[in-house]
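For reference, the structure discussed in these notes is given below.
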Amino acid sequence: SQTIHQWPATLVQPVGSPLSLECTVEGTSNPNLYWYRQAAGRGLQLLFYSVGIGQISSEVPQNLSASRPQDRQFILSSKKLLLSDSGFYLCAWSVGRGYGYTFGSGTRLTVV
Amino acid sequence: TQLLEQSPQFLSIQEGENLTVYCNSSSVFSSLQWYRQEPGEGPVLLVTVVTGGEVKKLKRLTFQFGDARKDSSLHITAAQPGDTGLYLCAGPMDSNYQLIWGAGTKLIIKP
Chain A
1 SQTIHQWPAT
11 LVQPVGSPLS
21 LECTVEGTSN
31 PNLYWYRQAA
41 GRGLQLLFYS
51 VGIGQISSEV
61 PQNLSASRPQ
71 DRQFILSSKK
81 LLLSDSGFYL
91 CAWSVGRGYG
101 YTFGSGTRLT
111 VV
Chain B
1001 TQLLEQSPQF
1011 LSIQEGENLT
1021 VYCNSSSVFS
1031 SLQWYRQEPG
1041 EGPVLLVTVV
1051 TGGEVKKLKR
1061 LTFQFGDARK
1071 DSSLHITAAQ
1081 PGDTGLYLCA
1091 GPMDSNYQLI
1101 WGAGTKLIIK
1111 P
C-alpha cells in the first residue's frame, strides 16, 4: 500500500534561518507531488507541484523553493525565513490528473 | 476562471441532526472530490464523484454530483461528534495537474 511521510510535525525557527521540510512517498512510482500551505481552519493554497524528477512548477511568488531530487522525494526549502512563512504546510501526492490526493500529516511551522 | 464556493462556511449543530453542505461553481468539472480534515492533520479523501447526477453513500454521508456537473452536496444523517471537522471540496483544473479547492465548511457536532 502507498504511504506518505512528512516531517517534522512541528518546527519553531527564528527569522532569517533556513528551512528544509521533507516529504517521501512509498509504494508508488512517478507520483505527482504537491506542497500546500493552509491558513488556520481554512482552505489550501498550492505552493509547488511536480510531475517528475527535477520538474517543479511554482504557483505563488514567495520566499520558498522546492526540489524533487528523487522520484518519491519532495523538499520544501527557504534560505531565510520570514515571519509571514509561519503556517501549516502539507505535502500530497496523486497518481494523475483528476485523481484524489493523499496528504501527509502536515508540518506546523512557527517563525519567531 | 474556475472557482468552487462552499456554503455554509461554518455550521454548529446538535448530535442527531441532519445537515447538508454545498459546493457550487459556474464552471463544469469533470469530477469533484470531498475531503474531511481534522485539526492538526492533513485532509483525507472521502469520495470522488464523476458522473452528472451520481449519488454515493459512505455510511451516514451521502454525496451528490449535480446533473450539469457544476455543483455537489454532502448530506450527513444523524450527525455524530466524530463527524466534526473541516469539509473541503475540490475539482481538477482544465489546464493542468492542479486541483481547485473550496474554502471549506467547518462543522461542529455538539454532543
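Going line by line, the protein sequences match chains A and B.
Per the numbering used here, residue 1 is the first one in the first sequence, and the count goes up by one each step.
Per the numbering used here, residue 1001 is the first one in the second sequence, and the count goes up by one each step.
All C-beta atoms, glycine included, are put in the ideal place defined by N, C-alpha and C.
Task: C-beta neighbour in chain B for A:Gly100, strict 7 Å - done: A:Gly100 counts as touching chain B.
Open item on the list: Considering Cα atoms alone, identify which of B:Ala1068, B:Gly1040, B:Arg1060, B:Ser1031 is closest to B:Val1050.
Closed with: Checked all of B:Ala1068, B:Gly1040, B:Arg1060, B:Ser1031; the closest Cα to B:Val1050 is B:Ser1031.
TODO: Kindly provide the ranges of any beta strand (DSSP E) runs that are 3 or more residues long and lie completely inside the region 1016–1103 of chain B, ordered along the chain.
DONE: 1019–1024, 1032–1037, 1044–1049, 1055–1058, 1061–1065, 1071–1076, 1085–1092, 1099–1101, all fully within the region 1016–1103 of chain B.
Task: Of the residues B:Ser1012, B:Phe1029, B:Asn1018, the one placed nearest B:Phe1065, counting alpha carbons only - done: Nearest to B:Phe1065 by alpha-carbon distance, out of B:Ser1012, B:Phe1029, B:Asn1018, is B:Phe1029.
Open item on the list: Less than 7 Å between the C-beta atoms of B:Ile1076 and B:Gln1002, yes or no?
Closed with: 7 Å or more divides the Cβ of B:Ile1076 from the Cβ of B:Gln1002.
- [ ] Counting only the same chain and skipping the five closest in sequence on each side, list residues whose C-beta sits under 8 Å from that of A:Thr3.
- [x] Within the same chain, A:Thr3 has close Cβ partners Val25, Glu26, Gly27.
Open item on the list: In whole angstroms, give me the CA-to-CA distance for B:Asn1096 and A:Gln38.
Closed with: Cα atoms of B:Asn1096 and A:Gln38: separation of roughly 21 Å, rounded to the nearest angstrom.
Open item on the list: Based on DSSP bridge pairs, tell me the residues matched to A:Ile56.
Closed with: DSSP lists no beta-bridge partner residue for A:Ile56.
- [ ] Check distances from the C-beta atoms of the region 1009–1034 of chain B to those of chain A and list, in chain order, the residues that come in under 7 Å.
- [x] Cβ contacts with chain A come from Ser1030, Ser1031, Gln1033.
TODO: Give a yes or no on whether the minimum CB-CB distance between A:Val51 and chain B is below 7 Å.
DONE: True, the Cβ-Cβ gap to chain B drops below 7 Å.
Open item on the list: Bridge partners for A:Tyr49 per DSSP, in chain order?
Closed with: A:Tyr49 is bridged to A:Tyr34, A:Ser57.
- [ ] Specify the secondary structure class of A:Thr84 as computed by DSSP and reduced to three states.
- [x] The question names Thr, yet the displayed sequence has Ser at residue 84 of chain A. In this structure, DSSP gives A:Ser84 a helical state, which the three-state scheme calls helix.
Open item on the list: Once the 5 residues before and after B:Thr1020 are set aside, which same chain residues still bring their CB inside 6 Å of it?
Closed with: Excluding sequence neighbours, B:Thr1020 sits near Ser1073, His1075.
TODO: Determine which residues of the region 1067–1084 of chain B have a Cβ less than 8 Å from any Cβ of chain A, and write them out in chain order.
DONE: Correct list: empty, as no residue qualifies.
- [ ] Step through the CB atoms of chain B and report whether any lies within less than 7 Å of the CB of A:Gly106.
- [x] It does: the Cβ of A:Gly106 has a partner Cβ on chain B nearer than 7 Å.
TODO: Mark A:Asn63 as exposed unless 16 or more other C-beta atoms lie within 10 angstroms of its C-beta, in which case mark it buried.
DONE: Residue burial annotation: A:Asn63 is exposed, with fewer than 16 other C-beta atoms found within 10 angstroms of its C-beta.
Open item on the list: Between the region 70–78 of chain A and the region 1005–1015 of chain B, can you find at least three pairs of beta-carbon atoms closer than 8 Å?
Closed with: No: the two stretches stay apart, fewer than three of their Cβ pairs being nearer than 8 Å.
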